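Participant: One structure, pasted below without further comment.
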Amino acid sequence: MSIASCKYRGRFAPSPSGPLHFGSLVAAMGSYLDARHNQGEWLVRIEDLDPPREQPGAAKRILSTLEAFGFEWDGEILYQSRPDRADAYRKALHELSEQGSTYLCSCSRKEVNEAGKMGAEGPIYPGTCRKKPSVQQSARTIRIRTMACNVGFHDLIFGYVKQNIFAETGDFIIRRADGLFAYQLAVVVDDAFQKITRVVRGSDLLLSTPRQIWLQQLLGLPTPVYAHLPLVRDSLGRKLSKQSQAQPISDRRPLPALLAAWHFLNQVSPENEPENLKIFWKWAIEKWDITRISTDMIV
Ligand code: GLU
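As structure tokens, then:
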């Protein structure tokens with residue numbers, strides 16, 4: 001399908017660090033239905049920016065699972081590993097450094113762990129290299145300067161969310177010590193490049209959003225509307241993730257898994273079990289109601 005100029009455009013952006021699990025199915029379903037219910041487009045982007053964390057063949061497997069489950073995406077899949085994307089991230093980095101918004105940092109992870117207070121998203125960077133600039137040769141990462149003010153947004157599920165990034169995460173990394181661009185920078189550049197207007201994803205990324213908005217503001221990019229979905233947890237209350245060895249979803253019986261994801265998102269129950277995927281999606285697109293999802297579901 002080709003991409004028309006559309007006001008409503010959502011996306012699903014998995015990292016190929018493993019096959020899809022039930023939590024990622026929920027995120028894919030939420031973003032897909034949000035877009036389609038609103039006659040919008042839905043794009044898929046493979047966030048393959050971190051080769052050490054990737055699993056060979058995972059991107060292909062994710063896409064074939066999406067197909068087996070009846071998801072239909074618009075346009076070409078965007079791979080972050082595409083050479084033009086690296087150029088775009090480099091350009092954004094250049095723009096930020098020209099503004100004086102970045103600095104080089106030579107602190108190791110261990111030094112940050114020892115010097116920084118613990119925040120909700122890991123150790124808060126205490127600004128060591130901002131106060132005492134490091135010499136270029138030993139610089140490891142590039143950080144973005146943050147300010148001690150609140151960055152807020154209205155989340156469709158969580159309501160108003162605000163964060164003082166300076167106090168709660170500190171100046172954060174946009175290019176890593178190994179030379180790779182950080183997720184926070186790439187996601188902002190690509191959401192703008194793909195003209196994404198709605199970001200529906202798991203609430204593990206809720207606290208990343210103020211950092212993304214901060215970068216959007218510095219780069220003069222638009223801010224999409226955000227909705228963060230409740231996280232699927234295992235019986236021990238841990239978030240399902242590829243790292244925690246969550247079971248991959250099987251491509252063989254998509255309908256029961258889709259219905260489970262639908263129920264997880266607190267959507268209205270069908271009167272009769274849908275007979276096939278086509279019937280399920282047609283019905284689900286019509287019945288989708290994001291207002292049925294609430295933070296009460298988030299434990
Ligand atoms: N690639 C990220 C992940 O798989 C998701 C990024 C996003 O939706 O912003 O967790």
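1 is the number of the first residue of the sequence shown in this note's numbering; add one for each residue after it.
Every residue gets a Cβ at the ideal spot worked out from N, C-alpha and C, and that includes glycine.
Quantities reported herein were computed from a predicted structural model and do not represent experimental measurements.
#1: Determine the closest residue to H94 out of F166, Q247, L218, with distance taken between C-alpha atoms.
#2: Can you give me the C-alpha to C-alpha distance between T65 and F71, rounded to a whole angstrom?
#3: Please specify which runs of the alpha helix (DSSP H), each continuous and at least 4 residues long, are wholly inside the stretch 14-93, giving them in chain order.
#4: Between H21 and A246, is the Cβ-Cβ spacing less than 8 Å?
#5: Pairing CB atoms from the stretch 97-111 with CB atoms from the stretch 223-236, are three or more of them under 8 Å?
#6: For A260, I'd like the list of residues in its chain whose CB is within less than 8 Å of its CB, leaving aside the five on either flank, ordered along the chain.
#7: Out of curiosity, what's the CA-to-CA distance linking G127 and S250?
#8: Compare the Cα-Cα distances from R175 to each of Y89, L205, C129 and report the closest residue.
#9: Locate the alpha helix (DSSP H) running through R117, then write down its first and last residues.
#10: For F193, which of D178, Q80, R292 has the nearest alpha-carbon?
#11: By Cβ distance below 7 Å, which residues in the same chain neighbour I124 in space, the five residues on each side in sequence not counted?
#12: With H, G and I counted as helix, E and B as strand and the rest as coil, what does DSSP make of F166?
#13: Using the beta-carbon of each residue, find all residues closer than 6 Å to any heavy atom of the ligand GLU and list them in chain order.
#14: Got a sec, what are the start and stop residues for the alpha helix (DSSP H) F264 sits in?
#15: Among F172, G237, D296, which has the Cα closest to the Cα of T140?
#16: Just to confirm, is the Cβ distance from Y183 to L277 under 8 Å?
#17: Determine the DSSP secondary structure at C129, reduced to helix, strand or coil.
#18: Go through its chain and collect everything with a Cβ distance to S203's Cβ below 7 Å, but skip five positions before and after it.
#19: From T146, E67, E47, E76, pick the residue whose C-alpha is nearest to that of L255; which is it?
#20: Smallest Cα separation from Y103: which of E114, C129, A92, K91?
#21: Report the option in R201, D191, L185 whose CA atom is closest to the CA atom of I157.
#22: Under a three-way DSSP split, which group does I173 fall into?
#23: Return the first residue and the last residue of the beta strand (DSSP E) that Y103 is part of.
#24: May I have the straight-line CA-CA distance separating K60 from H263, to the nearest angstrom?
#25: Going along the chain, which unbroken runs of the alpha helix (DSSP H) with 4 or more residues stay wholly within the stretch 195-250?
#26: Residues bridged to Y160 by DSSP?
Facilitator: If we stick to the structure as given:
#1: L218
#2: 9 Å
#3: 22-37, 58-68
#4: Contact: yes.
#5: no
#6: F22
#7: 46 Å
#8: Ranking Y89, L205, C129 by CA distance to the CA of R175 puts Y89 first.
#9: One point to set straight first is that residue 117 is Lys, not Arg, in the sequence displayed. Careful: K117 lies outside any alpha helix (DSSP H) and carries neither H nor E.
#10: Nearest in C-alpha terms to F193, of all of D178, Q80, R292, is Q80.
#11: G116, K117, E168, T169, G170
#12: helix
#13: Residues flagged by the Cβ proximity filter: A13, P14, S15, E47, V187, R201, L205.
#14: 254-264
#15: Per the sequence presented here, residue 140 reads as Arg, with Thr not at that position. When each option's Cα is compared against that of R140, the closest is F172.
#16: no
#17: helix
#18: H228, L229, P230, L231, I298
#19: E67
#20: C129
#21: R201
#22: strand
#23: 102-105
#24: When rounded, the distance between both Cα atoms is 27 Å.
#25: 209-219
#26: Per DSSP, H154.
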